[in-house]
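Each remark here refers to the structure printed beneath this line.
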């Protein structure tokens, strides 16, 4: 890790972001409050970050020349997704560029097997897991731990992609084959009560801010709803918070991390860690003293972290997912375009949704909608979880995309 | 007023903003959350809105062709300051363009004498005032109301500019002359306990959202600090809120208005109305369910208003003003420029300020600093006014600009 040089005006730093999607967009909206200049690298001309950054380098994520050009223009580099070329980031660090979260922490986290090993070695409770080379290995583990088993590709999975369930010895071959040719590992099946996540941020000075525990509900392996605070025992909540703080020290991460966990009664096990602001932390924009995006920007710029405390009684975040394909760019929206900015895929019902008390709407501005694509989200705040939940549900009933 | 056509997707509207300063910037950061496309008109190439809007028309505010070009590109037009060519806006409305606040309300508000008359006729309590043609008129009023008197230019004043105090009959001539050649009027001097303001927003449907009462402290006629809630009697607070709601109905305004008032015991008098988000409402970004900028965008886009309720116990906003001239654009920052974006004038001490709990910092990104120029602000939240005030003061001690 390269420590930043003493800078009397840290706000003069230029921030480079690899990835121009909704996470990058929400980072930029915070960075702009402090007048940071921002350059984005993303292959999509009309990506959500286009039009709010100072420069948009339109290039593939694995284009090393483009990454070098980004670094040339910026003082610090961050990213909004973990499946990027960590080798390119290592190279930047070698040349003295600051990259947060660091390339070395990314290298471990983006390999889910190494990630789990690091967590285990760091004393973090995780489900039992083991390396697999073949379907035969899966069958051996199934006999040992019992069926079903969950198989996970070591790299590249997200939103349930890269995971497979082997329900019995007979299914082991098919499940392993469904993951493609990459390496994978097996994990013991956990009969959890619920999935939760804890967002945590680590500053350059080693200080850690831990957000409240949220409950996550998935459908088709995609996050649909986060409810904060999570309805779990005080003991489990304390465990989850402590574990998230510990995870930040294991990886020596700088910036926001999302720590996904399983809760079984009072017991908490870590499922997965994401080295970036996390979908389950979007509620923090309206509900906490400092949002996950504000703290991420503070962290990567070497500024002190803000309080992660909630200012409202409860918050419920609902993802707004595409229902089907829309026409691509250049069709109906073509004449409606301003300076290359995307014409967002239409979202209907905003009016009715915003009429519900305590509801804020976020539309990412993607040109193309597709089934289960994350197009936006809404957050409802309330005095109680019940109130926030009712408001979120009422608002969601109006939204069509 | 032109009512908007029924639009199943109001988020597809393009918003035009006249003025690219900090108020425009904070409007855009909210508009972007909903993926509105935004075009700005401002004569300064590196103004705070540059780099976050889809297009920046670099033109003078009185350039009617540029205003027409802005309207051509947009579905709805709003503005961040009131001293603009209302005739040009009337012309846009005549051609069927939506302008909020409406040109007719702006025409009355931007003439402080007509504004006061409209308030009085609407049953709003205001200090005694009367039209003046000359210093002789001032002397007559002084004999009637007692000295001192306050003289106000009918048009163009802000931050104390356009105001003069005549302490006695002998000073009437000099005070009147200091206002230049424009028309002016006189107002009875009010020995107020404090100045307060109430932000209010009116939606297209006529609904009104009224924010809590804030106390404002000025120095050299420039707002320095707003404290919310204001330490006034319950009766005065109720009066102030009711008056603000009434003011919104008097002008039929659409969008955010700032209503400045004097408090004398339980009595409340309106001093001035600004037809836009107001400096004293910046605290709403961190402290209310819906910020003044979010509600302004909702209002001009014809969306339902959000709750103005506070989510924190108290908030204190401090303006960060320039202490002296900095080098202009193109000097030291020239090589540091990205795609024409301004290199903001340096601000020192952000690190120490952000280390104070509950503090958020906003830097407007202006290239050139000047004495008393508004360069940024900070908001401290806390459980009590005392806590927020202490935090704000501590943070301000570190800031140097």
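Protein chains in written order, with the working numbering: chain A, 1027 to 1427; chain B, 1027 to 1427. Glycine included, every Cβ here is placed at the ideal spot set by N, Cα and C. None of the values given here were measured: they were computed from a predicted structure.
Check	Outcome
Please go through the same chain and pick out, in chain order, the residues whose beta-carbon is closer than 8 Å to the beta-carbon of residue 1350 (chain B), but skip the five residues on each side of it.	1395, 1396 and 1397
Please list, in chain order, the chain A residues whose beta carbon lies closer than 7 Å to that of residue 1377 (chain B).	1036, 1329 and 1330
Here's the rule I'm using: 16 or more other beta-carbon atoms within 10 Å means buried, otherwise exposed. How should residue 1290 (chain A) be labelled?	exposed
What are the uninterrupted segments assigned as alpha helix (DSSP H) that are 4 or more residues long and contained completely in the segment 1103-1168 of chain B, given in chain order?	1112-1120, 1129-1135 and 1138-1147
Please name the residue in A:1075, A:1048 and A:1062 whose C-alpha comes closest to that of residue 1328 (chain A).	A:1062
Looking at C-alpha atoms only, which residue of B:1074, B:1118 and B:1073 is the closest neighbour of residue 1091 (chain B)?	B:1118
On the DSSP letters alone, give me the boundaries of the beta strand (DSSP E) that residue 1190 (chain A) sits inside.	1189-1192
Report the residues of the segment 1160-1173 of chain B with a CB closer than 8 Å to any CB of chain A, ordered along the chain.	none
Which chain B residues are close to residue 1381 (chain A), counting only those with a beta carbon under 7 Å from its beta carbon?	1330
Consider the Cβ of residue 1239 (chain B): report whether some Cβ of chain A lies at a distance smaller than 8 Å.	no
Classify residue 1221 (chain B): buried if its beta carbon has 16 or more other beta carbons within 10 angstroms, exposed otherwise.	buried
Secondary structure at residue 1359 (chain B), three-state DSSP: helix, strand or coil?	Low confidence applies here, because residue 1359 (chain B) scores a pLDDT of 48, under 50, leaving its location unreliable and the question unanswered by this model.
Residues in the same chain with beta-carbon distance under 8 Å from residue 1116 (chain A), minus the five sequence neighbours each way, listed in chain order, please.	1129, 1130 and 1133
Below 7 Å between beta carbons is the criterion; list the residues of the segment 1050-1074 of chain A that meet it against any residue of chain B, in chain order.	1055, 1058, 1059, 1060, 1061, 1063 and 1065
Identify, in the order they occur along the chain, each residue of the same chain with its Cβ nearer than 8 Å to the Cβ of residue 1160 (chain B), setting aside the five sequence neighbours on each side.	1202
Does any residue of chain A have a CB that is nearer than 8 Å to the CB of residue 1347 (chain B)?	no
Is it true that the CB of residue 1136 (chain A) sits closer than 8 Å to the CB of residue 1114 (chain A)?	no
Can you find a C-beta in chain A that's less than 8 Å from the C-beta of residue 1337 (chain B)?	yes
Since residue 1176 (chain A) and residue 1191 (chain A) should fall inside the 8 Å C-beta cutoff, what is the C-beta to C-beta distance between them, to a whole number of angstroms?	6 Å
Could you give the uninterrupted runs of the alpha helix (DSSP H) lying entirely in the segment 1251-1333 of chain A, keeping only those of 4 residues or more?	1260-1277, 1310-1313 and 1318-1326
Quick one: measure Cβ to Cβ for residue 1284 (chain B) and residue 1263 (chain B), integer angstroms, because I've assumed they're closer than 8 Å.	That pair is no contact at about 17 Å.
Counting only beta-carbon separations shorter than 8 Å, does residue 1372 (chain A) have a partner in chain B?	yes
Residues in the segment 1385-1405 of chain B with C-beta within 9 Å of chain A's C-beta atoms, listed in sequence order?	1385, 1386, 1387, 1388, 1389, 1390, 1391, 1392 and 1402
Tell whether a beta-carbon distance below 8 Å holds between residue 1330 (chain A) and residue 1377 (chain B).	yes
With a threshold of 16 other CB atoms inside 10 Å of the CB of residue 1121 (chain A), please say whether the residue is buried or exposed.	exposed
Residue 1099 (chain A) versus chain B: which residues are under 8 Å apart at the beta carbon?	1364
Give a yes or no on contact between the segment 1239-1251 of chain B and the segment 1331-1347 of chain B, applying the rule of three or more CB pairs nearer than 8 Å.	yes
Answer yes if the segment 1055-1074 of chain B comes into contact with the segment 1031-1047 of chain B, meaning at least three C-beta pairs across the two stretches below 8 Å, and no otherwise.	yes
Just checking: is the beta-carbon of residue 1350 (chain B) within a distance shorter than 8 Å of some beta-carbon in chain A?	no
When the Cα atoms are used, what is the spatial distance from residue 1205 (chain B) to residue 1138 (chain B)?	14 Å
With residue 1106 (chain A) and residue 1045 (chain A) assumed to form a contact (beta carbons below 8 Å), what rounded beta-carbon distance in angstroms separates them?	4 Å
Using a Cβ-Cβ cutoff of 7 Å, what residues of the segment 1073-1097 of chain A are near chain B? List them in chain order.	1077, 1078, 1080 and 1081
Would residue 1324 (chain B) count as contacting chain A if we go by Cβ distances under 8 Å?	yes
Does residue 1333 (chain A) have its Cβ less than 8 Å from a Cβ in chain B?	yes
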